[in-house]
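*Asks:* This is the structure I want to talk about, given as structure tokens.
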Amino acid sequence: MDSSSNLYRRKGPLVVFLLPAFVFLLLFLYYPFIQNVINSFSDITGLGRPAEGLNDPWYANYVTLFTDPKLRTALGNTVILTVCTVVFQVGIALVLALLVDSIRVGAQVFRTLYFFPIVISATALGLMFNLIFLYNGGMLNQLLLNLGWITENIDWKNTDHFMFTMLSPVMWQYVGFYFVILVTGLNNISEDLYEAAALDGCTGMNRVRYITLPLLRNVLCTCLVLAITGALKVFDLPWVMFGAGMPQDQGWLTGTYMYDQTFNRGNVDYGSAIAMLIVVLGVVLSNVANRVFKPRHDM
């Protein structure tokens with residue numbers, strides 16, 4: 251028996267390397283999650299204050315979830331964001347990945363350019379888009395005025411336009427994230443399949459339809475799950491751009507509303523209940539997406 255076999259028989263080194271990761275998960279993932287569950291049933295009157303026992307009744311926060319009109323608005327806006335994320339972020343990323351995969355010169359340059367927004371902090375991006383949409387008329391208003399398409403500045407923060415203003419930077423930033431995942435999936439498709447298909451006369455869009463997309467099914471399913479769960483948790487960019495000044499309480503998302511209730515209004519227990527709702531929605535919607543677009547292991 252060689253030394254490599256003996257290495258896998260000794261469990262001591264495995265425990266040494268796995269134990270720190272397990273302790274980290276226990277302290278920073280599982281314990282906060284369990285504490286959040288407890289907080290959602292507790293009576294906590296302010297951030298940093300201890301719980302004053304359980305609510306009366308103990309499920310009061312979850313009853314409020316179904317009667318809070320602002321939360322219904324946040325859920326509706328989050329559904330819109332989720333749909334836009336799936337259609338535009340993943341859709342545009344797929345188109346870009348197919349285009350970049352079809353070229354041989356300069357492909358690495360495009361990969362870097364499309365991925366670049368991911369490495370920029372959300373705060374910097376939020377401030378940049380504030381300059382585009384909101385600052386003294388904004389760059390967009392100045393462009394439209396110079397083109398003669400509008401005659402006066404548009405308030406992109408009002409109730410008629412806030413969804414476009416809020417969703418645009420989110421869509422723009424994360425296209426590169428799904429682009430990289432899809433490009434990696436395309437690189438794993440053997441060129442032999444395309445060459446064999448070309449001999450049979452399968453080229454152009456038929457090649458994409460009958461070879462590329464079926465072989466990307468598992469990768470697309472992964473992107474879909476990430477898009478859905480990510481949309482439920484979106485917070486940073488909308489908060490930097492709007493903060494608590496959501497237009498007439500119509501611009502809330504589940505993530506921003508949870509933060510506002512917890513840190514601005516001191517409703518820590520209710521914020522914990524909203525967090526639990528986000529977790530449940532993420533699990534349920536992810537399972538639905540996995541069942542609808544069930545990955546095939548024969549590919």
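FYI, the numbering for the sequence shown is 251 to 549, going by my numbering.
Glycine included, C-beta positions come from ideal geometry on N, C-alpha and C.
Specify the secondary structure class of Ser292 as computed by DSSP and reduced to three states.
*Replies:* Along the sequence shown, read from residue 1 onward, the residue named residue 292 stands at position 42. Three-state result, Ser292: strand.
*Asks:* If you draw a straight line from the C-alpha of Ser352 to the C-alpha of Phe414, how long is it?
*Replies:* The sequence position of residue 352 within the sequence shown is 102, counting from 1. The sequence position of residue 414 within the sequence shown is 164, counting from 1. Approximately 32 Å, taken between the alpha carbons.
*Asks:* Please name the residue, chosen from Gln498, Val265 and Phe278, that lies closest to Asp410 on a Cα-to-Cα basis.
*Replies:* Here residue 410 is taken as the residue at index 160 of the sequence shown, counted from 1. Taking Asp410 as reference, the option from Gln498, Val265 and Phe278 with the minimal CA-CA separation is Gln498.
*Asks:* Taking 8 Å as the threshold, find out whether the stretch 378-395 comes into contact with the stretch 351-369 through three or more Cβ pairs.
*Replies:* no
*Asks:* Is the stretch 463-482 in contact with the stretch 264-271, if contact means three or more CB pairs nearer than 8 Å?
*Replies:* no
*Asks:* Which stretch, first to last residue, makes up the alpha helix (DSSP H) that contains Cys334?
*Replies:* Within the sequence shown, the letter at position 84 stands for residue 334. Cys334 -> alpha helix (DSSP H) spans Pro319 to Cys334.
*Asks:* Which same chain residues end up closer than 6 Å to Met251 when comparing Cβ atoms and leaving out the 5 residues on each side of it in sequence?
*Replies:* To locate residue 251, count along the sequence shown from 1; it is residue 1. The predicted position of Met251 is uncertain, since its pLDDT is 49 and thus under 50; a value taken from the coordinates is nonetheless stated next. Taken in chain order, the list of residues that qualify is empty.
*Asks:* If I'm right that Ala539 touches Val475 with Cβ under 8 Å, what's the distance once you round it to whole angstroms?
*Replies:* Taking the sequence shown and counting its residues from 1, the one referred to as residue 539 is at position 289. Taking the sequence shown and counting its residues from 1, the one referred to as residue 475 is at position 225. Correct: roughly 5 Å between the Cβ atoms.
*Asks:* Identify whether Leu304 lies in helix, strand or coil by the three-state DSSP scheme.
*Replies:* Position 54 of the sequence shown holds residue 304. Correct three-state label for Leu304: strand.
*Asks:* Whose C-alpha, out of Ala525, Met416 and Asn517, is nearest the C-alpha of Glu302?
*Replies:* Looking up residue 302 in the sequence shown gives position 52. Closest option to Glu302, Cα to Cα, is Asn517.
*Asks:* Please classify Met549 as buried or exposed, where buried requires at least 16 neighbouring CB atoms within 10 angstroms.
*Replies:* In the sequence shown, the residue the question calls residue 549 occupies position 299. At Met549 the pLDDT is 49, less than 50, meaning the model places this residue with poor confidence and gives no usable figure here.
*Asks:* Looking at the C-beta of Val333, does it have a partner C-beta in chain D at a distance below 9 Å?
*Replies:* Among the protein chains of the structure shown there is no chain D, as only one such chain exists.
*Asks:* Helix, strand or coil: which one does DSSP assign to Gln511?
*Replies:* Sequence index remark: in the sequence shown, residue 511 carries index 261 (1-based). Gln511: helix per DSSP, three-state reduction.
*Asks:* Return the chain-ordered list of same chain residues with a C-beta closer than 6 Å to the C-beta of Glu402, the five sequence neighbours on each side being excluded.
*Replies:* Walking along the sequence shown from the start, residue 402 turns up at place 152. So no residue of the chain qualifies.
*Asks:* Could you check where the alpha helix (DSSP H) with Trp489 kicks off and where it finishes?
*Replies:* Mapped onto the sequence shown, residue 489 falls at position 239. Looking at the DSSP string, the run of the alpha helix (DSSP H) that includes Trp489 is Asp486 to Phe492.
*Asks:* Distance check for Thr506 and Phe291, CA to CA, integer angstroms please.
*Replies:* Position 41 of the sequence shown holds residue 291. Position 256 of the sequence shown holds residue 506. Answer to the nearest angstrom: the Cα atoms are 21 Å apart.
*Asks:* What does the alpha-carbon distance come out to for the pair Leu344 and Tyr444?
*Replies:* Indexing the sequence shown from 1 puts residue 344 at position 94. Indexing the sequence shown from 1 puts residue 444 at position 194. If you take the alpha carbons of Leu344 and Tyr444, they lie about 18 Å apart.
*Asks:* Would you call the stretch 309-316 and the stretch 520-529 in contact, with 3 or more CB pairs under 8 Å?
*Replies:* yes
*Asks:* Is it true that the stretch 391-401 meets the stretch 427-437, where meeting means three or more beta-carbon pairs spaced less than 8 Å apart?
*Replies:* no
*Asks:* Helix, strand or coil for Gly521? Go by DSSP, reduced to three states.
*Replies:* Residue mapping note: residue 521 aligns to position 271 of the sequence shown, counting from 1. Reduced to three states, the DSSP call for Gly521 is helix.
*Asks:* Closest by CA to Met491, which one among Glu441, Ala446 and Pro419?
*Replies:* Reading the sequence shown from its first residue, position 241 is the one you call residue 491. Checked all of Glu441, Ala446 and Pro419; the closest Cα to Met491 is Pro419.
*Asks:* CA-CA distance, Gln285 and Pro319?
*Replies:* Position 35 of the sequence shown, counted from the start, is the residue given in the question as residue 285. Position 69 of the sequence shown, counted from the start, is the residue given in the question as residue 319. When rounded, the distance between both Cα atoms is 27 Å.
*Asks:* Quick check: what's the CA-CA separation for Arg515 versus Thr504?
*Replies:* One-based indexing of the sequence shown puts residue 515 at position 265. One-based indexing of the sequence shown puts residue 504 at position 254. The alpha-carbon atoms of Arg515 and Thr504 are separated by roughly 15 Å.
*Asks:* In whole angstroms, give me the CA-to-CA distance for Leu535 and Gly398.
*Replies:* Position 285 of the sequence shown holds residue 535. Position 148 of the sequence shown holds residue 398. One C-alpha to the other measures close to 44 Å.
*Asks:* When the Cα of Gly435 is compared with those of Leu348, Asp293 and Ile330, which residue comes out closest?
*Replies:* Start at 1 with the first residue of the sequence shown, and residue 435 comes out as number 185. For the residues Leu348, Asp293 and Ile330, the minimum Cα distance to Gly435 belongs to Leu348.
*Asks:* Which value, in whole angstroms, describes the spacing of the CA atoms of Cys471 and Gly426?
*Replies:* For the purposes of this step, residue 471 is taken as residue 221 along the sequence shown, with counting starting at 1. For the purposes of this step, residue 426 is taken as residue 176 along the sequence shown, with counting starting at 1. Cα-Cα distance, rounded: 17 Å.
*Asks:* Hey, Leu487 and Gly376 are a contact pair by Cβ (cut 8 Å); roughly how many whole angstroms apart?
*Replies:* Here residue 487 refers to the residue found at position 237 when the sequence shown is read from its first residue. Here residue 376 refers to the residue found at position 126 when the sequence shown is read from its first residue. With a Cβ gap of about 5 Å, Leu487 and Gly376 count as contacting.
*Asks:* Would you kindly check if the distance between the Cβ of Ile439 and the Cβ of Thr462 is under 9 Å?
*Replies:* The residue you call residue 462 lines up with position 212 of the sequence shown. The residue you call residue 439 lines up with position 189 of the sequence shown. Cβ distance < 9 Å, so Thr462 and Ile439 count as in contact.
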